[in-house]
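Numbers in the working numbering are just positions in the sequence shown, counted from 1, shifted up by 167. What follows is a single structure, written as C-alpha cells, with notes after it.
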Amino acid sequence: MNDERHPMFEAYASQLIQAPVDVVWDRVGGFDSLPRWHPGILSSERVAHPGPGAGPLRRLTTRDGAVFLEARLEHDAHARSYVYTMLEGPLPVRDYQAKLRVTPVTATGQTFVEWSAKFTPKPGHADEAEALARRIRDELLAPGLTGLAHTFLPPSAKAPAPDRPWRR
C-alpha cells in the first residue's frame, strides 16, 4: 500500500569490515546472531510460530528494555543476505522490512556490509518520518555495523596492572 498518502521511507547504513566475506557472513548470517555483535541488543530468542506464514520468529530485547518481534522472510546463503519484517515493536511504523547483505571487496579481501530498512509511518506520525528514518539509521543500523566491525579488530594490548603491595 505504497501511494502518495502512504509514502515509504528508508534508513540505510553500510560498513567496511576488515575480514573475509565468509567469516563475516558466518558471524551475521544467523537470524539469532545479533546479541553476538550488535552492542544495543541484549538478547534474541526464538518464538514459537502460531501457524503457517513467515519464516522463523525472533524476539529481540535491547539494552534499554525495548522489545521487537521480527519474522525472517528470506534467507539466501549464496547471496549472503536475509530479509525480515518487524511484527511488533516500539517504533511508530508499519510495513517495516529490513535487509542485511554481506558482499566481498575482491580487490582487498575485505567485506562490505549493508543494512537497510523500509517502512511507512503509522497514521499520525507522517510528519516525523524523516526523523524516524535517521533514528533507525543512527541508533540501530549504524551502531550495529560498527559493533560488527569491532568484533574483527585485534584485541588491544592490555595495560599491565600497577604494582600494589598486598594488603590484609
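Every residue gets a Cβ at the ideal spot worked out from N, C-alpha and C, and that includes glycine.
So, for A316: in the same chain, excluding its five sequence neighbours on each side, which residues have a beta-carbon less than 6 Å away from its beta-carbon? Q182 and I184
Of the residues Q277, P271 and E241, the one placed nearest Q264, counting alpha carbons only: E241
Can you tell which of D262, G314, D294 and P322 has the C-alpha that lies nearest to the C-alpha of V195? G314
Give the DSSP bridge partners of I184, in chain order. T278
Neighbour-count burial assignment, M168, 16 or more Cβ in a 10 Å radius: Below a pLDDT of 50, predicted positions are generally treated as unreliable, and M168, at 45, falls in that range; the measurement from the model is reported next regardless. Exposed is the call here.
Whose C-alpha, out of R301, E237 and S211, is nearest the C-alpha of R230? S211
Does the Cβ of K266 lie closer than 6 Å to at least one heavy atom of the ligand GTP? Among the ligands in the structure shown, none appear at all, so the ligand GTP cannot be discussed.
Taking only runs of the beta strand (DSSP E) that begin and end inside the segment 219-302, which ones reach a length of at least 3 residues, in chain order? 224-229, 234-243, 248-255, 260-272 and 277-288
Proximal residues to S283 (C-beta, below 7 Å), its chain only, five neighbours per side dropped: E177, A178, Y179, A265 and K266
Who are the near neighbours of W192 in its chain, counting only those whose CB is closer than 6 Å to its CB and skipping five residues on each side? R247 and V269
Keeping to the same chain, check which residues put their C-beta closer than 8 Å to that of M175; ignore five residues upstream and five downstream. N169, D262, K285, F286 and T287
Cβ of F235 within 7 Å of Cβ of M253? yes
I'd like the list of long-range same chain contacts for G401, defined as Cβ closer than 6 Å, with 5 residues on each side in sequence excluded. Given a span of 168 to 335 for the chain in the structure shown, any question on residue 401 remains unanswerable.
Taking the alpha-carbon positions, what's the G256 to H245 distance? 30 Å
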